[in-house]
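Notes to accompany the following structure.
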Amino acid sequence: MAYVTRETFRGPIVMDEYACILVGLEAWSRKTTLDTLEMQHEALMPIVRVWTKKAARDAKLAERLEVALRKARRP
2 MAYVTRETFR GPIVMDEYAC ILVGLEAWSR KTTLDTLEMQ HEALMPIVRV WTKKAARDAK
62 LAERLEVALR KARRP
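So the mapping is simple: this note's numbering equals the position in the sequence shown, first residue as 1, plus 1.
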(Lines of atoms letter the chains of each structure in order from A and count residues from 1; the text may use other names and numbers.)
(Lines give C-alpha, C1' and ligand atoms only; values in the text may rest on other atoms or scores of the structure.)
Protein backbone atom coordinates (compact mmCIF):
# COMPACT_ATOMS: atom_id res chain seq x y z
CA MET A 1 0.00 0.00 0.00
CA ALA A 2 2.90 2.34 0.65
CA TYR A 3 3.76 2.25 -3.05
CA VAL A 4 0.35 3.64 -3.93
CA THR A 5 -0.03 6.24 -1.18
CA ARG A 6 3.48 7.61 -1.52
CA GLU A 7 5.82 5.85 -3.89
CA THR A 8 9.13 7.38 -2.86
CA PHE A 9 10.69 7.45 -6.32
CA ARG A 10 7.97 9.34 -8.23
CA GLY A 11 4.88 10.10 -6.15
CA PRO A 12 1.39 8.57 -5.89
CA ILE A 13 -0.13 6.56 -8.73
CA VAL A 14 -3.24 8.15 -10.23
CA MET A 15 -5.97 6.34 -12.16
CA ASP A 16 -4.79 7.31 -15.65
CA GLU A 17 -1.30 6.07 -14.82
CA TYR A 18 -2.71 2.81 -13.48
CA ALA A 19 -4.70 2.38 -16.70
CA CYS A 20 -1.47 2.86 -18.68
CA ILE A 21 0.20 0.23 -16.51
CA LEU A 22 -2.58 -2.28 -17.23
CA VAL A 23 -2.46 -1.58 -20.95
CA GLY A 24 1.32 -2.03 -20.84
CA LEU A 25 0.85 -5.40 -19.16
CA GLU A 26 -1.68 -6.42 -21.81
CA ALA A 27 0.79 -5.48 -24.55
CA TRP A 28 3.72 -7.26 -22.86
CA SER A 29 5.57 -3.94 -22.55
CA ARG A 30 5.80 -3.78 -18.76
CA LYS A 31 9.39 -2.54 -18.60
CA THR A 32 8.85 0.24 -21.14
CA THR A 33 5.63 1.35 -19.44
CA LEU A 34 7.16 1.45 -15.96
CA ASP A 35 10.25 3.27 -17.22
CA THR A 36 8.10 5.85 -19.01
CA LEU A 37 6.10 6.47 -15.82
CA GLU A 38 9.38 6.58 -13.82
CA MET A 39 8.20 3.79 -11.54
CA GLN A 40 10.24 1.28 -9.62
CA HIS A 41 9.68 -2.16 -11.11
CA GLU A 42 9.27 -3.65 -7.64
CA ALA A 43 6.20 -1.46 -7.17
CA LEU A 44 4.19 -3.15 -9.93
CA MET A 45 2.47 -5.98 -8.07
CA PRO A 46 1.65 -3.97 -4.91
CA ILE A 47 0.10 -1.28 -7.13
CA VAL A 48 -1.96 -3.82 -9.08
CA ARG A 49 -3.18 -5.45 -5.85
CA VAL A 50 -4.19 -2.15 -4.25
CA TRP A 51 -6.00 -0.83 -7.33
CA THR A 52 -7.77 -4.17 -7.86
CA LYS A 53 -9.06 -4.04 -4.28
CA LYS A 54 -10.12 -0.40 -4.68
CA ALA A 55 -12.09 -1.19 -7.85
CA ALA A 56 -13.71 -4.24 -6.23
CA ARG A 57 -14.92 -2.15 -3.28
CA ASP A 58 -16.16 0.88 -5.22
CA ALA A 59 -18.39 0.38 -8.27
CA LYS A 60 -18.15 4.03 -9.33
CA LEU A 61 -14.36 3.91 -9.18
CA ALA A 62 -14.45 0.69 -11.24
CA GLU A 63 -16.57 2.45 -13.88
CA ARG A 64 -14.15 5.38 -14.02
CA LEU A 65 -11.28 2.93 -14.32
CA GLU A 66 -13.00 1.24 -17.28
CA VAL A 67 -13.27 4.62 -19.00
CA ALA A 68 -9.59 5.31 -18.29
CA LEU A 69 -8.67 1.89 -19.70
CA ARG A 70 -10.60 2.50 -22.91
CA LYS A 71 -8.86 5.86 -23.27
CA ALA A 72 -5.42 4.33 -22.60
CA ARG A 73 -6.00 1.57 -25.17
CA ARG A 74 -6.60 4.05 -27.99
CA PRO A 75 -3.66 4.30 -30.40
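All residues carry an ideal CB built from backbone N, CA and C; glycine is no exception.
(request) Can you tell me which of Pro13, Ile22, Gly12 and Ile14 puts its alpha carbon nearest to the alpha carbon of Arg71? (result) The residue labelled residue 71 in the question sits at position 70 within the sequence shown. Nearest C-alpha to Arg71: Ile22.
(request) Compute the Euclidean distance between the alpha carbons of Met16 and Leu66, then round it to the nearest angstrom. (result) Here the question's residue 16 lines up with position 15 in the sequence shown. Here the question's residue 66 lines up with position 65 in the sequence shown. Their backbone Cα atoms lie some 7 Å apart in a straight line.
(message) Comparing C-alpha positions only, which one of Leu26, Leu45, Arg31 and Ala73 sits nearest to Ile14?
(response) The residue you call residue 14 lines up with position 13 of the sequence shown. When each option's Cα is compared against that of Ile14, the closest is Leu45.
(message) Can you give me the C-alpha to C-alpha distance between Ala63 and Val24, rounded to a whole angstrom?
(response) For the purposes of this step, residue 63 is identified with residue 62 of the sequence shown, where counting begins at 1. For the purposes of this step, residue 24 is identified with residue 23 of the sequence shown, where counting begins at 1. Spanning the two alpha carbons is a distance of roughly 16 Å.
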